[in-house]
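**Q**
Chains as they are written, first to last, in this note's numbering: chain A, 505 to 827; chain B, -12 to 243.
1. With residue 654 of chain A and residue 594 of chain A assumed to form a contact (beta carbons below 8 Å), what rounded beta-carbon distance in angstroms separates them?
2. Thinking C-beta only, is residue 134 of chain B closer than 8 Å to residue 17 of chain B?
3. Pull up the distance between the alpha-carbon of residue 775 of chain A and that of residue 138 of chain B, whole angstroms please.
4. Could you confirm whether any beta carbon from chain A is found closer than 8 Å to the beta carbon of residue 150 of chain B?
5. Look up residue 546 of chain A in the DSSP assignment and say whether it is helix, strand or coil.
6. Compile a chain-ordered list of the residues in the stretch 602 to 622 of chain A whose CB is closer than 9 Å to at least one CB of chain B.
7. With respect to the beta strand (DSSP E) encompassing residue 576 of chain A, which residues constitute its N-terminal and C-terminal limits?
8. Of the residues A:553, A:563, A:601 and A:558, which one's Cα is nearest the Cα of residue 573 of chain A?
9. What are the partner residues of residue 43 of chain B, as DSSP defines its beta bridges?
10. Taking the CB atoms as reference points, tell me whether residue 151 of chain B and residue 695 of chain A lie closer together than 8 Å.
11. The beta strand (DSSP E) with residue 744 of chain A in it runs from where to where?
12. What is the DSSP secondary structure of residue 534 of chain A, reduced to helix, strand or coil?
13. What does the Cβ neighbour count give for residue 791 of chain A, buried or exposed, with the cut at 16 atoms within 10 Å?
14. Check the Cβ of residue 6 of chain B against every Cβ in chain A and list those closer than 9 Å, keeping chain order.
15. Give me, in chain order, the residues of the same chain whose beta-carbon lies closer than 6 Å to that of residue 163 of chain B; leave out the 5 immediate sequence neighbours on both sides.
16. Taking just the CA atoms, how far does residue 711 of chain A sit from residue 90 of chain B?
17. Please work out which residues of its chain come closer than 8 Å, Cβ to Cβ, to residue 599 of chain A, disregarding the five sequence neighbours upstream and downstream, and give them in chain order.
18. Where residue 547 of chain A and residue 737 of chain A are concerned, what is the direct C-alpha to C-alpha distance, given to the nearest angstrom?
19. My assumption, with CB atoms under 8 Å, is that residue 726 of chain A sits in contact with residue 749 of chain A. Please give the rounded CB distance.
20. With DSSP collapsed to three states, give me the class of residue 145 of chain B.
21. Establish whether the CB of residue 112 of chain B and some CB of chain A are separated by less than 8 Å.
22. Name the residues in the stretch 558 to 591 of chain A whose C-beta lies less than 8 Å from a C-beta of chain B; which are they?
23. Pull up the DSSP beta-bridge partners for residue 210 of chain B, would you.
24. Would the beta-carbon of residue 25 of chain B fall within 8 Å of that of residue 104 of chain B?
25. Enumerate in chain order the residues of its own chain whose CB-to-CB distance from residue 216 of chain B is below 8 Å, with the five nearest sequence positions on each side excluded.
26. Does the contact criterion of 3 or more C-beta pairs under 8 Å hold for the stretch 621 to 637 of chain A versus the stretch 519 to 536 of chain A?
27. Contact defined as beta carbons within less than 8 Å: I believe residue 22 of chain B pairs with residue 57 of chain B. What is the distance between those atoms, to the nearest angstrom?
28. Would you call the stretch 1 to 13 of chain B and the stretch 176 to 185 of chain B in contact, with 3 or more CB pairs under 8 Å?
29. For a contact meaning CB atoms closer than 8 Å, what does residue 261 of chain B contact in chain A?
30. So which residues of chain B does residue 648 of chain A contact, with C-beta pairs closer than 7 Å?
31. Any idea what DSSP makes of residue 512 of chain A, helix, strand or coil?
32. My understanding is that residue 662 of chain A touches residue 553 of chain A, with C-beta atoms under 8 Å, so please give their C-beta distance in whole angstroms.
33. By Cβ distance, which residues of its chain are closer than 6 Å to residue 584 of chain A, with the 5 residues on each side in sequence left out?
34. Is the Cβ-Cβ distance between residue 782 of chain A and residue 807 of chain A less than 8 Å?
35. Can you tell me which of B:172, B:230 and B:160 puts its alpha carbon nearest to the alpha carbon of residue 27 of chain B?
36. Counting only Cβ pairs nearer than 9 Å, list the residues of chain B close to residue 802 of chain A.
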């Protein structure tokens, strides 16, 4: 039974989350049964990177119409590869924005359902994913025949799990799908940034981050004061930026910045999955929240369960006293 | 333009959730329900398009009787009519099964545009819109913040990771899944609630639409998450807890 690991490229290199997907693929089959797949118009360098990772083989899906990502192009190309291979049982992806855009359609074409955003794979195999914004987890199983499509959450598997160090290069094959321009219905533009980024949260040593618990824009100054007392950058979860209470460039999470400061102090943030993936690598995480069951406490080193409007002013005072 | 918005009713945010006795669902008694927030953004975009260009906005939702209140809320916000696909809890179906129901209800309407939120706040599969597009034979774009009509179809602004965006052009009819934050959500007005009372909600049973609920993927067990870290909770009045925290951050974690 073979396993495909579909790797995603960014800036000419395989992205870290894709190596994590490869580690997950290696949990589903022996290394010699795992095929790493790279997709694009020029994939030689990417294939070379993948071939050094101790996989059975590497397939380059190459076509000029795959130069830029489109859901139609990528779904069709991968479907052709899967149908061309013998008995593919598992197809593993990183749970990226790109994969979320096409893998469900690809699975649907083959009568399948993507098991998305998986955080653990156990014997069975069963696949664990988060429910209710991380308050619960659910264990899923694939039934029936045909390939099973799985995408794994960023950070859930080790990125270096696939290293061999032996220096052996897996054989590389090229697969040319039949694609024509009329099949591709969307016209994607080049990536752009709407405004110059002036805040680099990634290099901050301390971050005070605020969420829905702050209730209104008038209350933002109290967390700003805490950030100033701590010499920290001020950041936020998505709803705060959606409401325009803080600029988008201060957003932490899958759609904002990924940070790993020494201290991450989350104020009134429940800890939805999309937020946690952007900050769980922080050295020390502190959570202040009125709900003791908020998922943020799953990743916190220290916590205060209480009303932030009482706790934050007390904390400002305590920090100033200690300085 | 005729626009259909697929909306889902989900447990209210921060509502305490308990695992049901069979371990395969959540205890629904005493639970409060609300419109899935990303779907509320999808509805908002549809209503704004209608206000700019005219046309019709229809909402469709699948689930038990309680879902009717969420459809009514959408009508109160300005949608013209609704379809309620009456079925048991959506846990009985996988993502493909749910999308099949929605597609069967939407297809005869021949919409120009189908909107839905990028994901649900309960199960969070994030794939209904994409599967829907596949089943309806329409092109799609996901994580959309802004929609503009052009001579040949649509130009949309799509969110990428890490603060990047891209514009995508696509022909109509199409399916778009909306990201939050592109618009401000409107409140329901008393006038809206009054008007909604006379708007039509067509109730169809799941069996009439697409009997096939065979699952390819099954949910075996729901559990509380495994803690990734041991959290030290600092207790006591705010002042005492704050002081203890600063002390810990200085001497134990050494981050101050």
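The C-beta atom is built at its ideal place from N, Cα and C for all residues, glycine as well. It should be emphasised that the depicted structure is a prediction, and the values quoted were computed from it without experimental measurement.
**A** Quick look at the numbers:
1. Mapped onto the first chain, residue 654 of chain A falls at position 150. Mapped onto the first chain, residue 594 of chain A falls at position 90. Contact flag correct, Cβ pair sits at about 6 Å.
2. Start at 1 with the first residue of the second chain, and residue 17 of chain B comes out as number 30. Start at 1 with the first residue of the second chain, and residue 134 of chain B comes out as number 147. No, the Cβ-Cβ distance between residue 17 of chain B and residue 134 of chain B is not below 8 Å.
3. Mapped onto the first chain, residue 775 of chain A falls at position 271. Mapped onto the second chain, residue 138 of chain B falls at position 151. Approximately 42 Å, taken between the alpha carbons.
4. Locating residue 150 of chain B in the second chain gives position 163, counting from the first residue. Interface criterion met: the Cβ of residue 150 of chain B is under 8 Å from a Cβ in chain A.
5. As a first step, residue 546 of chain A must be located in the first chain, where it is residue number 42. Coil, per DSSP.
6. Against chain B - using a Cβ distance shorter than 9 Å - the residues of the stretch 602 to 622 of chain A are 602, 604, 605, 606, 607, 608, 609, 610, 611, 612, 613, 615, 616, 617, 618, 619, 620 and 621.
7. One-based indexing of the first chain puts residue 576 of chain A at position 72. Segment 575 to 588 is the alpha helix (DSSP H) holding residue 576 of chain A; no beta strand (DSSP E) there.
8. Your numbering for residue 573 of chain A matches position 69 in the first chain. When only C-alpha atoms are compared, the closest one is A:601.
9. Here the question's residue 43 of chain B lines up with position 56 in the second chain. For residue 43 of chain B, which the question treats as bridged, DSSP gives the partners B:-11.
10. In the second chain, residue 151 of chain B corresponds to position 164, counting from 1. In the first chain, residue 695 of chain A corresponds to position 191, counting from 1. For residue 151 of chain B and residue 695 of chain A, yes; Cβs fall inside 8 Å.
11. Walking along the first chain from the start, residue 744 of chain A turns up at place 240. Run containing residue 744 of chain A: none in the beta strand (DSSP E); it sits in the alpha helix (DSSP H), 742 to 746.
12. Looking up residue 534 of chain A in the first chain gives position 30. It is coil, neither helix nor strand.
13. For the purposes of this step, residue 791 of chain A is identified with residue 287 of the first chain, where counting begins at 1. Buried is the call here.
14. Residue 6 of chain B sits at position 19 when you count from the first residue of the second chain. Near residue 6 of chain B (Cβ distances below 9 Å), the residues of chain A are 640.
15. What you label residue 163 of chain B is simply residue 176 of the second chain in a count that begins at 1. Result list for residue 163 of chain B: 102, 128 and 131, in chain order.
16. Against the second chain, residue 90 of chain B aligns to sequence position 103. Against the first chain, residue 711 of chain A aligns to sequence position 207. Spanning the two alpha carbons is a distance of roughly 45 Å.
17. Numbered from 1 along the first chain, position 95 holds the residue referred to as residue 599 of chain A. The residues are 521, 620, 621, 622, 655, 656, 657 and 658.
18. In the first chain, counting from the first residue as 1, residue 547 of chain A sits at position 43. In the first chain, counting from the first residue as 1, residue 737 of chain A sits at position 233. Those two C-alpha atoms are separated by around 40 Å.
19. The residue labelled residue 726 of chain A in the question sits at position 222 within the first chain. The residue labelled residue 749 of chain A in the question sits at position 245 within the first chain. The C-beta distance from residue 726 of chain A to residue 749 of chain A rounds to 13 Å, too long to meet the 8 Å contact threshold.
20. Along the second chain, one-based indexing puts residue 145 of chain B at 158. Strand at residue 145 of chain B.
21. Walking along the second chain from the start, residue 112 of chain B turns up at place 125. Yes, residue 112 of chain B counts as interfacial toward chain A.
22. 575 and 576
23. Taking the second chain and counting its residues from 1, the one referred to as residue 210 of chain B is at position 223. DSSP lists A:641 as partners of residue 210 of chain B.
24. As a first step, residue 25 of chain B is located in the second chain; it is residue number 38 there, counting from the start. As a first step, residue 104 of chain B is located in the second chain; it is residue number 117 there, counting from the start. It is a contact, given that the beta carbons lie within the stated cut-off.
25. Position 229 of the second chain, counting from 1, holds the residue named residue 216 of chain B. Hits under 8 Å: none found.
26. yes
27. Within the second chain, the letter at position 35 stands for residue 22 of chain B. Within the second chain, the letter at position 70 stands for residue 57 of chain B. That belief holds up - the Cβ atoms of residue 22 of chain B and residue 57 of chain B are roughly 5 Å apart, short of 8 Å.
28. They do not touch, by the three-pair rule.
29. With chain B running from -12 to 243 in the structure shown, residue 261 of chain B is simply not present.
30. Indexing the first chain from 1 puts residue 648 of chain A at position 144. Under the 7 Å cutoff, chain B gives 203.
31. Within the first chain, numbered from 1, the residue matching residue 512 of chain A stands at position 8. The answer is coil: DSSP assigns residue 512 of chain A none of H, G, I, E or B.
32. The count along the first chain starts at 1 and reaches residue 662 of chain A at position 158. The count along the first chain starts at 1 and reaches residue 553 of chain A at position 49. Not really, about 17 Å apart at Cβ, beyond 8 Å.
33. Here residue 584 of chain A is taken as the residue at index 80 of the first chain, counted from 1. For residue 584 of chain A, where only same-chain residues beyond five positions count, the Cβ hits under 6 Å are 681.
34. Translated into positions along the first chain, residue 782 of chain A becomes position 278. Translated into positions along the first chain, residue 807 of chain A becomes position 303. Going by C-beta atoms, residue 782 of chain A is not nearer than 8 Å to residue 807 of chain A.
35. The sequence position of residue 27 of chain B within the second chain is 40, counting from 1. It is B:172 whose Cα lies nearest to the Cα of residue 27 of chain B.
36. The residue you call residue 802 of chain A lines up with position 298 of the first chain. Around residue 802 of chain A, the beta-carbon contacts reaching into chain B at under 9 Å are 212, 213, 214, 215, 216 and 218.
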